[in-house]
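Notes follow once the structure below has been shown.
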Amino acid sequence: MRKADLVAAISEKTGVPKVDVLVTLETFFKEVKSSLAEGENVYIRGFGSFVIKKRAKKIGRHIKKNVAIEIPEHYIPAFKPAKIFVEHVKGNVTSLPDDGEKLD
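Numbering-wise, the sequence shown is residues 41 to 144 according to the numbering used here.
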């Protein structure tokens with residue numbers, strides 16, 4: 041499902057125009073990004089948490105030059121689904137797509 045499919049589904053189920061749904065969805069994404077950029081986690085009960093994870097400093101390798109490089113400490117965004125979310129998916133997924141689609 042892509043963002044356009046999600047917007048269409050929400051619009052159909054709620055009766056809200058697609059433009060309004062799209063604006064709301066984009067605003068939600070923007071707020072989550074800005075909150076995480078400020079170091080504040082976002083918790084949505086029953087859905088999951090958008091959190092910041094710290095990655096420690098480590099030594100990596102530049103493959104083409106075969107040189108060791110230092111990767112500094114950094115932070116990455118992550119999503120942790122709520123327990124009820126995980127249970128719902130576990131109980132309802134019967135098979136994965138066979139048409140070569142990748143799961144992201």
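Note that beta-carbon positions come from the ideal geometry of N, C-alpha and C, so glycine has one too.
Nothing here was measured: the structure is a model prediction, and the numbers come from that model.
Work out the CA separation of residue j and residue i for me, nearest whole Å.
| i | j | result |
| --- | --- | --- |
| I50 | V129 | 19 Å |
| N132 | E80 | 32 Å |
| V56 | P137 | 30 Å |
Is the CB-CB distance between residue i and residue j below 8 Å?
| i | j | result |
| --- | --- | --- |
| R95 | I124 | no |
| K93 | A122 | no |
Can you tell which of the options has its C-alpha closest to the C-alpha of residue i?
| i | options | result |
| --- | --- | --- |
| K97 | P112, L136 and I84 | P112 |
| K58 | F69, D45 and K70 | D45 |
| E110 | I99, K120, K104 and I103 | I99 |
| V91 | I103, T54 and E78 | E78 |
Could you give the C-beta distance for residue i and residue j, rounded to a whole number, given that I count them as a contact under 8 Å?
| i | j | result |
| --- | --- | --- |
| G86 | K120 | So it is not a contact: roughly 13 Å between Cβ atoms. |
Spatial neighbours of residue i within its chain, please: CB distance less than 7 Å, with the 5 preceding and 5 following residues excluded, ordered by chain position.
| i | result |
| --- | --- |
| V47 | K58, V61, L62 and L65 |
Output needed for residue i: all residues of its chain with C-beta closer than 6 Å, excluding positions within five of it in sequence on either side, in chain order.
| i | result |
| --- | --- |
| K73 | none |
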